[in-house]
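**Student:** Sharing a structure here in structure tokens format.
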Amino acid sequence: MGFKILEYLQPFCSFLPEVSKPERKIQFREKVLWTAITLFIFLVCCQIPLFGIMSSESADPFYWLRVIMASNRGTLMELGISPIVTSGLIMQLLAGTKIIEVGDSVKDRALFNGAQKLFGMLITVCQAIVYVVTGMYGEPADLGMGICLLIIIQLLCAGLIVLLLDELLQKGYGLGSGISLFIATNICETIVWKAFSPATINTGKGTEFEGAVIALFHLLATRTDKVRGLREAFYRQNLPNLMNLMATVAVFLIVIYFQGFRVDLPIKSARYRGQYSSYPIKLFYTSNIPIISSLPSSLTSTSCPRFCPSKFAGNVFVNLIGTWAESGYQRYPIGGLCYYLSPPETIGHIITDPIHAIIYIIFMLGSCAFLSKTWIDVSGSSAKDVARQLRDQQMLMRGHREKSMVHELNRYIPTAAAFGGLCIGALSVLADFLGAIGSGTGILLAVTIIYQYFEIFVKEQSEMGGMSTLFF
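Heads up, the sequence shown is in my numbering, so the first residue is 2 and it goes up one at a time.
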């Protein structure tokens, strides 16, 4: 029996701004326009610095997660999508496990969405306070109470903007969701920048360009030994190289190939004789949920402890969690639990420390398979839920009675969820081992999101009757 707490939250939810549902059908070209406007606002917020912060030359404790969180250090998008993702996952888990009771009525769904927004804002406030108190923007005593409060207000307003932009797209004004759009944009931006960045860095062997493609032409033009310059462009350390770029493209193609794997179950209408269709069960049945579900835990287990060395240096418990070293603006683990849960940086590290690689592989494969299998039970996509949805649409599986549909769906859905999560984890590990730009997790997210947008485009095209009718 779940708790009916949503009704008690209704008075508080009424204070939050809400995007109203469209009163008419939004044309595809209008959806594209609203999606572009949403993306433009997000990118502008990524460049507006927070007022009152002190510039810091210290390593960024969230460097490795910023690509996935769609965040940018020291700007309004400092928190990125982490509050809304965390609130959405927690509320979905509470509803799926029946801890809180959510009905199927329009009122109950509206209350649930309002509670999710309210919870997201509470998480935003908590994260903002933690960031300020732990000295992310300078020591609180140096900043002063007024500036600390101003920074928290700025982060709160930015979090509200992210919530409204996501709601704008999900209400039907745009394409997809804001979360997916921001993640894919941030990851693709990182990949393009690492490939074509004109920024120069002094590596000790002379000035080099950060971008892998630009560095290739620069090294070939400046090195007298062209073979050595070409080898350096492919295998240089500490900066993006052509092997990283090629690995990124390879992983993109592999994931797109696996997206086509599916089983089509034949279904028929119980009302109209002769009306047949199919219900597709994809290999990636839960899409990128296993990776997104791991974001809050990754944030807690691998990034938050990076604050600890400066605050609790020498503490035995902190050292068991992780010991850290700094390299430029990055802080990376060199020991402890966090070290074994982080990906090996190069293939050479796999050879020198195979135990690290084995533990990381087991962790990634096991967590992705478990989260994927668990998600179908709490998100309303299990065999029992799918069978109920088909019955509500008065559809039956051909060759099966209504009572045997659940048994037949159970042959495919749990297997597709667990094995699909396993494949996602394996592809993420492969991308990490190959040194793909943007991390294996980031690339998996980007490809699955881009493929979802491709499916939306194909669906809109089929409904409108052709390419020309979409925009004209």
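Every residue gets a Cβ at the ideal spot worked out from N, C-alpha and C, and that includes glycine.
Per DSSP, residue 475 forms a beta bridge with which residues?
**Tutor:** This structure cannot speak to residue 475, because the chain is shown only from 2 to 473.
**Student:** Taking the beta strand (DSSP E) that residue 397 belongs to, which residues open and close that run?
**Tutor:** Here the question's residue 397 lines up with position 396 in the sequence shown. Residues 396 to 398.
**Student:** Given residue 298, which residues of its chain have a CB within under 7 Å of its CB, disregarding the five upstream and five downstream residues?
**Tutor:** Stepping through the sequence shown from its first residue, residue 298 is reached at position 297. With a pLDDT of 48 at residue 298, under the threshold of 50, the modelled position of that residue is not reliable, and no figure is offered here.
**Student:** With DSSP as the reference, label residue 9 as helix, strand or coil.
**Tutor:** Residue 9 sits at position 8 when you count from the first residue of the sequence shown. The answer is helix: DSSP assigns residue 9 an H, G or I state.
**Student:** Can you tell which of 112, 118, 157, 115 has its C-alpha closest to the C-alpha of residue 131?
**Tutor:** Sequence index remark: in the sequence shown, residue 131 carries index 130 (1-based). If you compare the alpha carbons of 112, 118, 157, 115 with that of residue 131, the shortest gap goes to 157.
**Student:** With burial defined as no fewer than 16 other Cβ atoms inside 10 Å of the residue's Cβ, what is the status of residue 208: buried or exposed?
**Tutor:** By 1-based counting over the sequence shown, the position of residue 208 is 207. Around the Cβ of residue 208, a 10 Å sphere holds fewer than 16 other Cβ atoms; the residue is exposed.
**Student:** Answer with buried or exposed for residue 115, where buried requires no fewer than 16 other C-beta atoms within 10 angstroms of its C-beta.
**Tutor:** Within the sequence shown, the letter at position 114 stands for residue 115. By the neighbour-count rule (16 or more Cβ atoms within 10 Å), residue 115 is buried.
**Student:** Could you say if the region 418 to 426 and the region 230 to 239 meet the contact criterion of at least three C-beta pairs nearer than 8 Å?
**Tutor:** Under the Cβ criterion (8 Å, minimum of three pairs), the region 418 to 426 does not count as touching the region 230 to 239.
**Student:** Taking the runs of the alpha helix (DSSP H) that are 4 residues or longer, which of them lie wholly in the region 152 to 204?
**Tutor:** 179 to 197
**Student:** Skipping 5 residues on each side, what residues in its chain have a beta carbon closer than 7 Å to that of residue 410?
**Tutor:** Position 409 of the sequence shown, counting from 1, holds the residue named residue 410. Contacts found: 384, 387, 388.
**Student:** Which word fits residue 79, buried or exposed, when buried means at least 16 other C-beta atoms lie within 10 angstroms of its C-beta?
**Tutor:** One-based indexing of the sequence shown puts residue 79 at position 78. By the neighbour-count rule (16 or more Cβ atoms within 10 Å), residue 79 is buried.
**Student:** Is it right to say residue 460 is buried, meaning 16 or more other beta carbons lie within 10 angstroms of its own, or is it exposed?
**Tutor:** In the sequence shown, the residue the question calls residue 460 occupies position 459. So residue 460 ends up on the exposed side.
**Student:** For residue 18, I'd like the list of residues in its chain whose CB is within less than 8 Å of its CB, leaving aside the five on either flank, ordered along the chain.
**Tutor:** The residue you call residue 18 lines up with position 17 of the sequence shown. Cβ neighbours of residue 18 beyond the five flanking positions: 161, 165.
**Student:** Bridge partners of residue 375, per DSSP?
**Tutor:** Translated into positions along the sequence shown, residue 375 becomes position 374. Residue pairing by DSSP leaves residue 375 without any beta bridge partner.
**Student:** If contact is defined by three or more beta carbon pairs under 8 Å, each pair taking one atom from either stretch, is the region 188 to 202 in contact with the region 452 to 459?
**Tutor:** no
**Student:** Is it right to say residue 237 is buried, meaning 16 or more other beta carbons lie within 10 angstroms of its own, or is it exposed?
**Tutor:** Position 236 of the sequence shown, counted from the start, is the residue given in the question as residue 237. Flag for residue 237 reads buried.
**Student:** State yes or no: is the C-beta of residue 279 within less than 9 Å of the C-beta of residue 265?
**Tutor:** Mapped onto the sequence shown, residue 279 falls at position 278. Mapped onto the sequence shown, residue 265 falls at position 264. Between residue 279 and residue 265, the C-beta gap is smaller than 9 Å, which places the two residues in contact.
**Student:** In angstroms with no decimal places, state the Cα-to-Cα distance between residue 302 and residue 149.
**Tutor:** Taking the first residue of the sequence shown as position 1, residue 302 is located at position 301. Taking the first residue of the sequence shown as position 1, residue 149 is located at position 148. Note that residue 302 scores a pLDDT of 48, beneath 50, so its modelled location is shaky and nothing firm can be said.
**Student:** With C-beta atoms as the reference, is residue 407 less than 9 Å away from residue 257?
**Tutor:** Taking the sequence shown and counting its residues from 1, one reaches residue 407 at position 406. Taking the sequence shown and counting its residues from 1, one reaches residue 257 at position 256. Cβ atoms of residue 407 and residue 257: not closer than 9 Å.
**Student:** Which residue comes first and which comes last in the alpha helix (DSSP H) that contains residue 125?
**Tutor:** In the sequence shown, residue 125 corresponds to position 124, counting from 1. Residues 107 to 134.
**Student:** So, with DSSP's three-state summary, where would you put residue 380?
**Tutor:** The count along the sequence shown starts at 1 and reaches residue 380 at position 379. Residue state, collapsed to three classes: coil.
**Student:** Between which two residues does the alpha helix (DSSP H) holding residue 210 run?
**Tutor:** Within the sequence shown, the letter at position 209 stands for residue 210. Unbroken run through residue 210 is the beta strand (DSSP E), 208 to 210; no alpha helix (DSSP H).
**Student:** Please look up how many angstroms separate the CB atoms of residue 155 and residue 77, rounded, as I've assumed it's under 8 Å.
**Tutor:** Mapped onto the sequence shown, residue 155 falls at position 154. Mapped onto the sequence shown, residue 77 falls at position 76. Indeed, because the Cβ distance is near 6 Å, the residues count as touching under 8 Å.
**Student:** Using 9 Å as the threshold, is the C-beta distance between residue 217 and residue 438 below it?
**Tutor:** Counted from its first residue, the sequence shown places residue 217 at position 216. Counted from its first residue, the sequence shown places residue 438 at position 437. With respect to residue 438, residue 217 sits apart: the two C-beta atoms are not nearer than 9 Å.
**Student:** Quick check on the DSSP output: what are the complete alpha helix (DSSP H) runs of length 4 or more inside the region 10 to 48, in order along the chain?
**Tutor:** 29 to 46
**Student:** So, under 8 Å CB-CB, residue 321 and residue 338 are touching, yes? Tell me the CB distance rounded to an integer number of Å.
**Tutor:** Counting from one through the sequence shown, the residue named residue 321 turns up at place 320. Counting from one through the sequence shown, the residue named residue 338 turns up at place 337. That belief holds up - the Cβ atoms of residue 321 and residue 338 are roughly 7 Å apart, short of 8 Å.
**Student:** Pairing CB atoms from the region 20 to 27 with CB atoms from the region 168 to 176, are three or more of them under 8 Å?
**Tutor:** yes
**Student:** If you compare alpha carbons, which of 394, 46, 147, 86 is closest to residue 273?
**Tutor:** Position 272 of the sequence shown, counting from 1, holds the residue named residue 273. Among 394, 46, 147, 86, the Cα nearest to that of residue 273 is on 394.
**Student:** Pick helix, strand or coil for residue 297, following the three-state DSSP scheme.
**Tutor:** By 1-based counting over the sequence shown, the position of residue 297 is 296. Because residue 297 carries a pLDDT of 49, less than 50, the predicted location of this residue cannot be relied on, and the following value inherits that uncertainty. It is helical.
**Student:** Assuming residue 103 and residue 10 are in contact, meaning their beta carbons sit under 8 Å apart, how far apart are those beta carbons, in whole angstroms?
**Tutor:** Along the sequence shown, read from residue 1 onward, the residue named residue 103 stands at position 102. Along the sequence shown, read from residue 1 onward, the residue named residue 10 stands at position 9. Actually they do not touch by this definition, with Cβ atoms about 12 Å apart.
**Student:** What residues in its chain sit with their C-beta under 7 Å from that of residue 192, if we drop five residues either side in the sequence?
**Tutor:** In the sequence shown, the residue the question calls residue 192 occupies position 191. Excluding positions up to five away in sequence, the list reads 249, 438, 439.
**Student:** Between which residues of its own chain and residue 183 is the CB-CB distance below 7 Å, once the five residues before and five after are set aside?
**Tutor:** Here residue 183 refers to the residue found at position 182 of the sequence shown. Contacts found: 43, 71, 82.
**Student:** Sorted by chain position, which residues of the same chain lie with C-beta nearer than 6 Å to residue 402's C-beta, five sequence neighbours on each side aside?
**Tutor:** Along the sequence shown, read from residue 1 onward, the residue named residue 402 stands at position 401. Correct list: empty, nothing qualifies.
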